[in-house]
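Colleague: Shown below is the structure under consideration.
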Amino acid sequence: SENARKFIARYGQTYPSVRDKGDGTYRAYGLTGVPETFFLDRAGRVRVHWVGQINAAQIAQGLDLILAKGAR
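Quick look at the structure:
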């Protein structure tokens, strides 16, 4: 949507952003509509899921978990 494009441009978002047409992702992951962050391992499995705003320490923790040898 135009609103989404404006938001992305305004905040300089550089990561991919897609629209969930048909709500497939919404239903598959049980999304709540508030900010949610998922970390997936290389096999595409959800390893970390946070609901709400997260900070740099939580991002580092999530990355550590998915990059650990056991998560491959």
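Residue numbers (the working numbering): 1208 to 1279. Think of the CB as a built atom: it goes at the ideal place given N, C-alpha and C, for glycine as much as any other residue.
With H, G and I counted as helix, E and B as strand and the rest as coil, what does DSSP make of Thr1232?
Modeller: Residue 1232 sits at position 25 when you count from the first residue of the sequence shown. Correct three-state label for Thr1232: helix.
Colleague: Excluding sequence positions up to five away, which residues of its chain have a Cβ less than 7 Å from the Cβ of Val1241?
Modeller: Locating residue 1241 in the sequence shown gives position 34, counting from the first residue. Val1258, Gly1259.
Colleague: Roughly how many whole angstroms lie between the Cα atoms of Gly1256 and Asp1227?
Modeller: Along the sequence shown, one-based indexing puts residue 1256 at 49. Along the sequence shown, one-based indexing puts residue 1227 at 20. First, the residue type needs correcting, since residue 1256 is His and not Gly in the sequence shown. C-alpha separation (whole angstroms): 18 Å.
Colleague: May I ask you to report which of helix, strand or coil DSSP gives Arg1226?
Modeller: Here the question's residue 1226 lines up with position 19 in the sequence shown. Coil.
Colleague: Could you compute how far the alpha carbon of Ile1215 sits from the alpha carbon of Phe1245?
Modeller: As a first step, residue 1215 is located in the sequence shown; it is residue number 8 there, counting from the start. As a first step, residue 1245 is located in the sequence shown; it is residue number 38 there, counting from the start. Distance between the alpha carbons of Ile1215 and Phe1245: 19 Å.
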